[in-house]
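Here our numbering runs 6 ahead of the position in the sequence shown, where the first position is 1.
Worksheet for the structure shown next.
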Amino acid sequence: DQACKAVEGDAPEYIQEGIAGWRRSTAQMTQAMLTRHRYDEARVWCVIRQLRCPRDPEPVLQQAWCLEETWTSMLAQLSGPGGLVGARTRVPTLRGWEEVDVLQRSSQLQAAMRAHIRHAMTITNGLPTPSYAGLSASLCREGDVEAAH
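Shown next as structure tokens:
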């Protein structure tokens with residue numbers, strides 16, 4: 007219901023404190039999802055929050071953090087004696103679950119994370135230190151050390 011209302015542009019009328027109260031309560035709920043490692047659900051709520059408050063960098067940065075945690079979790083689950091070369095992982099698609107190369111998925115997650123960090127930097131008209139550090143680390147992981155500096 008929340009997602010449909012956000013996409014349709016309906017105001018969150020059920021919160022007495024208005025949009026500020028809605029932002030607070032959804033931020034707390036999203037944080038609780040992150041603590042429970044429910045990254046996909048948290049990302050959905052980040053998108054809903056971005057739709058409602060497009061100038062707020064917090065859900066954009068939280069989305070980047072969710073992508074980073076998804077990346078870390080994927081690598082931790084798949085690390086083993088054979089390494090990651092040739093390893094496969096499942097990803098959701100519009101056609102259902104598909105198996106893809108772990109290194110390809112890793113690059114996709116890192117690229118999406120960098121896009122969110124850059125978007126947050128655009129929203130804030132500057133370079134928040136945590137955002138810059140995350141962007142720099144991601145660029146280094148992808149071998150683009152020059153762009154990281």
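From the three backbone atoms N, C-alpha and C, an ideal C-beta is built for every residue, glycine too.
Using the three-state DSSP reduction, which class does residue i fall into: helix, strand or coil?
i, result
"Glu148", "coil"
"Asp107", "strand"
"Arg55", "helix"
"Arg29", "helix"
"Arg94", "strand"
"Asp4", "Here the chain comprises residues numbered 7 to 155, so residue 4 is not present and cannot be evaluated."
Residue i to residue j, Cα distance in whole Å?
i, j, result
"Leu42", "Gly140", "Note on identity: in this sequence residue 42 is Arg, with Leu being the wrong assignment. Their Cα atoms are separated by approximately 22 Å."
"Gly24", "Gln69", "23 Å"
"Met72", "Arg101", "Met is not the amino acid found at residue 72; the sequence shown has Cys there. Near 23 Å, if we compare the C-alpha coordinates of Arg101 and Cys72."
"Ala38", "Cys52", "13 Å"
"Thr130", "Asp150", "24 Å"
Using DSSP's beta-bridge definition, name the partner residues of residue i.
i, result
"Thr99", "Gly102"
"Arg120", "BP columns for Arg120 are empty, so no partner."
Tell whether a beta-carbon distance below 9 Å holds between residue i and residue j.
i, j, result
"Thr95", "Met119", "no"
"Leu115", "Glu74", "yes"
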